[in-house]
Amino acid sequence: MVTARLLDKRQLRQEVGRAMRVGAGGLGGGFGWLWTQKRGVVRMYISRTDGFVWIERRADRPWLITPERPEAFVRALSS
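Sequential numbering from 46 applies to the sequence shown in the working numbering.
Quick look at the structure:
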């Protein structure tokens, strides 16, 4: 892992542009691959539409997740 940071909906849209999910999805959540206009393919595990954490990885695709406590999650990864 290289970095983890919090994103809101607006910041996410700026980061990835348009996106299309390839995987499972339902009411407010989903998992699988997210094809994005600006960043290519992203691994996605989300359970709501806020509190996004963007994880940059050294030798692999980025991840987009929604942990239960996003701020604490990012702090733990950054320490």
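Even for Gly, the Cβ is constructed at its ideal location relative to N, Cα and C.
Own chain residues within Cβ distance below 8 Å of residue i, not counting five before or after
i      : result
Gly85  : Arg106
Pro112 : Gly96, Val98, Phe118
Met89  : Arg66, Gly68, Gly75, Phe76, Gly77, Trp78, Leu79, Trp108, Leu109, Ile110
Reference residue i; option with closest CA among the options
i      : options                       : result
Arg63  : Thr111, Pro112, Lys54         : Lys54
Phe76  : Arg50, Ile91, Glu116          : Ile91
Leu51  : Ser124, Ser123, Pro115        : Pro115
Ile100 : Gln82, Gln59, Gly71, Ser123   : Ser123
Gln56  : Arg102, Ala121, Arg120, Lys83 : Lys83
Gln59  : Arg120, Thr81, Ala121, Leu72  : Thr81
Gly71  : Thr94, Ala104, Arg103         : Thr94
Val61  : Gly73, Ala49, Val87, Thr48    : Val87
Simplified DSSP assignment, three categories, for residue i
i      : result
Glu113 : coil
Residue range of the beta strand (DSSP E) that includes residue i
i     : result
Val98 : 97-101
Self-check item: Any alpha helix (DSSP H) of 4 or more consecutive residues that is wholly inside the region 49-91
Solution: 54-61
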